[in-house]
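Have a look at the structure below, then the notes.
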Ligand code: THG
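Numbering (the working numbering), first residue to last: 29 to 320.
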């Protein structure tokens, strides 16, 4: 899988001050560490960045490019900040993101064309976040059609089903997985991506990793092309690179409805099985799902 590092983001507790004070040292270090961890791209998440967005994105792109040639994902809802990033980027960037809302598509698709950038198409419309795989499919089709109208080829579009937290939106988890499978039919040449860590937002910090990794196995099986991930979860990277095939096979058995006997498994394997059962909706989510 193609991996995009999530760790340069304005929500970060560790980097908050560096972002606030525009201190390039910690930012450079984080970019280098993500490159060393094997990321294929780095997400630059500056949030809504209402004030000074363009100037900030320009600065950030340049700082990161001092230490790595990896392509960058320009993650902000500020349209002018996206354009500043497109201008500063030396390697072909990814616009993160364009939703199916007409005013967003009309502003950003010509920009993608002008700067020859690819973009993440977010399955989000004026009606809000879709409720199931079919509604996601409709959103994706709208984005694909609009992009075609702007002369953007399908392979430059990375569709994102918008992963929601399992602790509050357990019912939505399956909708995203199913959608990834559908996308292969709707738009075979397009790519797919997602913010994987969204799934464990609000989950106890020490348990976020296993939730993220188990969901990655599920999405990967359905053909997810890429994901925005925690660059420092080594086991997650090993899964994405296909180095944990036995573990994947175990989770696949749960996905196929097999009754797996947990008492014969190691603690780690049992944890993956329990987590897969929660993500499959077979067991209701609770913070203590691994202890049951
Ligand atoms: N789709 C697209 N882009 C996205 C998302 C998406 N960008 C943002 C987000 N979702 C993906 N990136 C992150 C980055 C950090 C975290 C989650 C998703 C995260 N961070 C920890 C926290 O907030 O508790 C730790 C922060 C820290 O470093 O201190 O959870 O869905 N297209």
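Every residue gets a Cβ at the ideal spot worked out from N, C-alpha and C, and that includes glycine. All of these numbers come straight from a predicted model, not from anything done at the bench.
For residue 33, the closest alpha carbon among the candidates 292, 168, 70, 300 is that of 70. Per DSSP, residue 207 is one residue of the alpha helix (DSSP H) stretching across 198-214. Placement of the Cβ of residue 171 at a distance of 8 Å or more from every heavy atom of ligand 1 is found. Only residues of its own chain outside the window of five on either side were considered, and among them 91, 94, 95 have a CB closer than 7 Å to the CB of residue 56, listed in chain order. For residue 101, same chain residues with a beta-carbon under 6 Å away, outside a window of 5 residues either side, are 32, 69, 71, 122, 124 in chain order. Taken from the Cβ of residue 41, at least one heavy atom of ligand 1 lies inside 8 Å.
DSSP places residue 92 in the helix class (H, G or I) of the three-state scheme.
Using a 10 angstroms sphere on the CB of residue 184, the tally of other CB atoms reaches 16 or more, which defines it as buried. At least one heavy atom of ligand 1 sits closer than 8 Å to the Cβ of residue 148.
The beta carbon of residue 159 lies closer than 6 Å to none in the same chain, with the five residues before and after it left out. The beta-carbon distance between residue 175 and residue 137, rounded to whole angstroms, is 6 Å. This is short enough to meet the 8 Å contact definition.
Taking the CA atoms as reference points, residue 139 sits about 11 Å from residue 112. Taking residue 254 as reference, the option from 147, 304, 292 with the minimal CA-CA separation is 147. Per DSSP, the beta bridge partners of residue 75 are 104. The residue among 213, 232, 243, 120 with its C-alpha nearest the C-alpha of residue 204 is 243.
Apart from sequence neighbours up to five positions away, the residues of its chain that approach residue 118 with a beta-carbon distance below 8 Å are 93, 97, ordered along the chain. In the displayed model, residue 238 falls within a helix according to three-state DSSP. Here residue 292 is exposed: its Cβ has fewer than 16 other Cβ atoms, across all protein chains shown, within 10 Å. Counting every other CB atom within 10 Å of its CB across the protein chains shown gives residue 199 a total below 16, marking it as exposed.
Counting C-beta pairs closer than 8 Å gives fewer than three between the stretch 275-282 and the stretch 311-320, which falls short of the contact rule. Burial state of residue 305 is buried, judged by a 10 Å Cβ sphere holding 16 or more other Cβ atoms.
Residue environment for residue 302: buried (at least 16 other C-beta atoms within 10 angstroms of its C-beta). DSSP lists 33 as the beta-bridge partner residues of residue 257. For residue 186, the closest alpha carbon among the candidates 79, 215, 99, 206 is that of 215.
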